[in-house]
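Asks: Next up is a structure, given as structure tokens.
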Amino acid sequence: MAERGLVLVTGDKPRYELDLDIRRRNVFVTQLEDGRDEEENVTHLPIIKEAASKILDISKNTLQSTLVLKKEVEYDQVSQELRAKKQEFSDRMQALDQRKEEFSQKQIEYTEKATKFEKFLQDGDVRRRRAVLRYQTESRHNELRDVEIKNLTNQLEEKKIRQQKLHEMMKKFKIFEDFLLKTVDNVPENYLEFGVDSPVKAIIRRHETLSHTNESLVNNLTVLADEQETKQHELETLQQQHDTLKLMMTSELSQLQTDYDKLLEKNKQLELKFNLNKGQFRNQSVEVGSLFLAISNLAEQCRLKHFGSLNESGLLQKLEMVKEFILDKTHIEKLALHLSEERSSICNPYDQAPKEKKRNNKHLLKNKVSTITNNQENMNSNNYRISVIEA
Numbered sequence: 001m002a003e004r005g006l007v008l009v010t011g012d013k014p015r016y017e018l019d020l021d022i023r024r025r026n027v028f029v030t031q032l033e034d035g036r037d038e039e040e041n042v043t044h045l046p047i048i049k050e051a052a053s054k055i056l057d058i059s060k061n062t063l064q065s066t067l068v069l070k071k072e073v074e075y076d077q078v079s080q081e082l083r084a085k086k087q088e089f090s091d092r093m094q095a096l097d098q099r100k101e102e103f104s105q106k107q108i109e110y111t112e113k114a115t116k117f118e119k120f121l122q123d124g125d126v127r128r129r130r131a132v133l134r135y136q137t138e139s140r141h142n143e144l145r146d147v148e149i150k151n152l153t154n155q156l157e158e159k160k161i162r163q164q165k166l167h168e169m170m171k172k173f174k175i176f177e178d179f180l181l182k183t184v185d186n187v188p189e190n191y192l193e194f195g196v197d198s199p200v201k202a203i204i205r206r207h208e209t210l211s212h213t214n215e216s217l218v219n220n221l222t223v224l225a226d227e228q229e230t231k232q233h234e235l236e237t238l239q240q241q242h243d244t245l246k247l248m249m250t251s252e253l254s255q256l257q258t259d260y261d262k263l264l265e266k267n268k269q270l271e272l273k274f275n276l277n278k279g280q281f282r283n284q285s286v287e288v289g290s291l292f293l294a295i296s297n298l299a300e301q302c303r304l305k306h307f308g309s310l311n312e313s314g315l316l317q318k319l320e321m322v323k324e325f326i327l328d329k330t331h332i333e334k335l336a337l338h339l340s341e342e343r344s345s346i347c348n349p350y351d352q353a354p355k356e357k358k359r360n361n362k363h364l365l366k367n368k369v370s371t372i373t374n375n376q377e378n379m380n381s382n383n384y385r386i387s388v389i390e391a
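Below, the structure is given as structure tokens:
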């Protein structure tokens, strides 16, 4: 038999669901029988898959009173939830009103603080402006006072200098004052009655002449002192110029001395090199002399008429003569070989021995030509060396 059970299905809405677990029966079959699997006296129950709340709505056997009661219960639940929501909404509105009052009070406090702060800033600006104006006025007064102090100090210095000069003049004229007092004491009482011929007038004239001469001498002395100062300055400048020139000359002399020492060292090294290369130059001169003799001998052997006499021709002309002679000989030899080959090919085309001889002759001619070209290259190199030596 099949076992049935109700299982609580969890989800958004709890409901019961019928769980059917079909198991196999452990039956030992002894005989065959058709329709053995069919059960007798089995009550079939329908499988319910709907939720518990929907069973009453769907089923046909449910009464209208039960449905009305169910709807009333649902209405009571909804009304309770609505009252709870209204209470919660009223509580929230009260809290919101309280928070609004607190916010308005804080806003008022903040506005008061802002106004106080603005007033404080305005007071600070006013104070700062006053302080700046006070500072500017005081700085101007201080500058004016500094200028006044400087002017007064300058005036004080001038007054002190004038006082010093007056003291010196008093000391200077004190002698004359004492002299005049002494003369007044010694002069008779009626000295003014003598007139022009009185001895006092003569003394006064003498004093005037002496004072004039003294002034002229003092002026001459000042002029001479100024000239002496100018000459002294000129002498100092000349002394400085002399010292600078002396230093420059000594530096140039030291530089020239060092250059002279370097030249001496260089001359010594050149003398050593000359003494070392003297023997080599002798050997080279001997080789060059032998080369000249060899070139003159070759020119005598390879003499051509259109070059003129050998005594008048130079070294380069001799070398050109030898070169042209060798080229002519090689050209003639090539022509002779070519003609001999043509004749031999015409006369004895099947003769092998003459061919071998010709080949040997060709090799000999080639060796001669190579030796001649080598000699020519050697002569060209010797010619280059000779031109270098002549230079």
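Numbering-wise (UniProt numbering), the sequence shown opens with residue 1 and increments by one. In this text, a Cβ means the ideal position worked out from N, Cα and C, and glycines have one as well. The structure presented is a predicted model; accordingly, all values stated were derived computationally and were not measured.
State whether the stretch 246-259 contacts the stretch 273-283, with contact taken as three or more CB pairs (one from each stretch) at a distance under 8 Å.
Replies: no
Asks: How do the stretch 335-347 and the stretch 315-324 stand: do at least 3 beta-carbon pairs fall below 8 Å, yes or no?
Replies: no
Asks: Specify, as a first and last residue, the run of the alpha helix (DSSP H) that V187 falls within.
Replies: Taking the sequence shown and counting its residues from 1, the one referred to as residue 187 is at position 187. Here V187 belongs to no alpha helix (DSSP H), and DSSP marks it neither H nor E.
Asks: Once DSSP output is grouped into helix, strand and coil, what is the label at G124?
Replies: As a working mapping, residue 124 is identified with position 124 in the sequence shown. In this structure, G124 counts as helix in the three-state DSSP scheme.
Asks: Reducing DSSP to helix, strand and coil, say where G279 ends up.
Replies: For the purposes of this step, residue 279 is identified with residue 279 of the sequence shown, where counting begins at 1. DSSP places G279 in helix when its eight states are reduced to three.
Asks: When you compare only the Cα positions, how much space is there between I295 and T330?
Replies: Residue mapping note: residue 295 aligns to position 295 of the sequence shown, counting from 1. Residue mapping note: residue 330 aligns to position 330 of the sequence shown, counting from 1. The alpha-carbon atoms of I295 and T330 are separated by roughly 20 Å.
Asks: DSSP state of G314, grouped into three classes?
Replies: As a first step, residue 314 must be located in the sequence shown, where it is residue number 314. In the structure shown, G314 sits in coil (DSSP, three-state: anything other than H, G, I, E or B).
Asks: With a 10 Å radius around its C-beta and 16 neighbouring C-beta atoms as the bar for buried, classify A2 as buried or exposed.
Replies: The residue labelled residue 2 in the question sits at position 2 within the sequence shown. Unreliable positioning characterises A2 in this predicted model, as indicated by a pLDDT of 43, which lies under 50. A coordinate reading is not provided.
Asks: Just tell me which of K323, E177, L82 has its CA closest to the CA of Q301.
Replies: In the sequence shown, residue 301 corresponds to position 301, counting from 1. For the options K323, E177, L82, the alpha carbon positioned closest to that of Q301 is the one of K323.
Asks: Do you know how far the Cα of T153 is from the Cα of R205?
Replies: As a working note, residue 205 is residue 205 in the sequence shown. As a working note, residue 153 is residue 153 in the sequence shown. About 45 Å.
Asks: Should D76 be labelled buried (16 or more other beta-carbon atoms within 10 Å of its own) or exposed?
Replies: Here residue 76 is taken as the residue at index 76 of the sequence shown, counted from 1. The residue is exposed, with fewer than 16 neighbouring Cβ atoms inside 10 Å.
Asks: Measuring straight from C-alpha to C-alpha, what distance separates L181 and T237?
Replies: The residue you call residue 181 lines up with position 181 of the sequence shown. The residue you call residue 237 lines up with position 237 of the sequence shown. Going by the C-alpha atoms only, they are around 54 Å apart.
Asks: Give me the Cα-Cα distance between K106 and F120, rounded to the nearest whole angstrom.
Replies: Residue numbering aside, residue 106 sits at position 106 when the sequence shown is read from its first letter. Residue numbering aside, residue 120 sits at position 120 when the sequence shown is read from its first letter. Whole-angstrom Cα-Cα distance: 20 Å.
Asks: Tell me the rounded alpha-carbon separation between L96 and E109.
Replies: As a first step, residue 96 must be located in the sequence shown, where it is residue number 96. As a first step, residue 109 must be located in the sequence shown, where it is residue number 109. Each residue's Cα considered, the two are about 20 Å apart.
Asks: What does a CB cutoff of less than 8 Å around M169 pick up in its chain, not counting 5 residues either side in sequence?
Replies: In the sequence shown, counting from the first residue as 1, residue 169 sits at position 169. Correct list: empty, nothing qualifies.
Asks: CB-CB under 7 Å to L264, same chain, minus the five flanking residues each way: which ones, in chain order?
Replies: Reading the sequence shown from its first residue, position 264 is the one you call residue 264. Excluding sequence neighbours, L264 sits near nothing in its chain.
Asks: Mind checking I203: buried by the 16 CB within 10 Å criterion, or exposed?
Replies: For the purposes of this step, residue 203 is identified with residue 203 of the sequence shown, where counting begins at 1. Around the beta carbon of I203, a 10 Å sphere encloses fewer than 16 other beta carbons of the protein chains shown; the residue is thus reported as exposed.
Asks: Could you check if A114 is buried or exposed, using at least 16 other CB atoms within 10 Å of its CB as the buried criterion?
Replies: Sequence index remark: in the sequence shown, residue 114 carries index 114 (1-based). It is exposed - the Cβ of A114 has fewer than 16 other Cβ atoms within 10 Å.
Asks: What does the Cβ neighbour count give for A336, buried or exposed, with the cut at 16 atoms within 10 Å?
Replies: Translated into positions along the sequence shown, residue 336 becomes position 336. Its Cβ having fewer than 16 others within 10 Å, A336 is exposed.
Asks: Hey, which unbroken runs of the beta strand (DSSP E) at 3 residues or more fall wholly within the stretch 220-247?
Replies: none
Asks: Exposed or buried, which one is I175 when buried takes at least 16 other CB atoms within 10 Å?
Replies: As a working mapping, residue 175 is identified with position 175 in the sequence shown. It counts as exposed.
Asks: Could you name the residues of the same chain whose beta carbon sits closer than 6 Å to that of F325, not counting the 5 residues immediately before and after it, in chain order?
Replies: Along the sequence shown, one-based indexing puts residue 325 at 325. Answer for F325: C302, listed in chain order.
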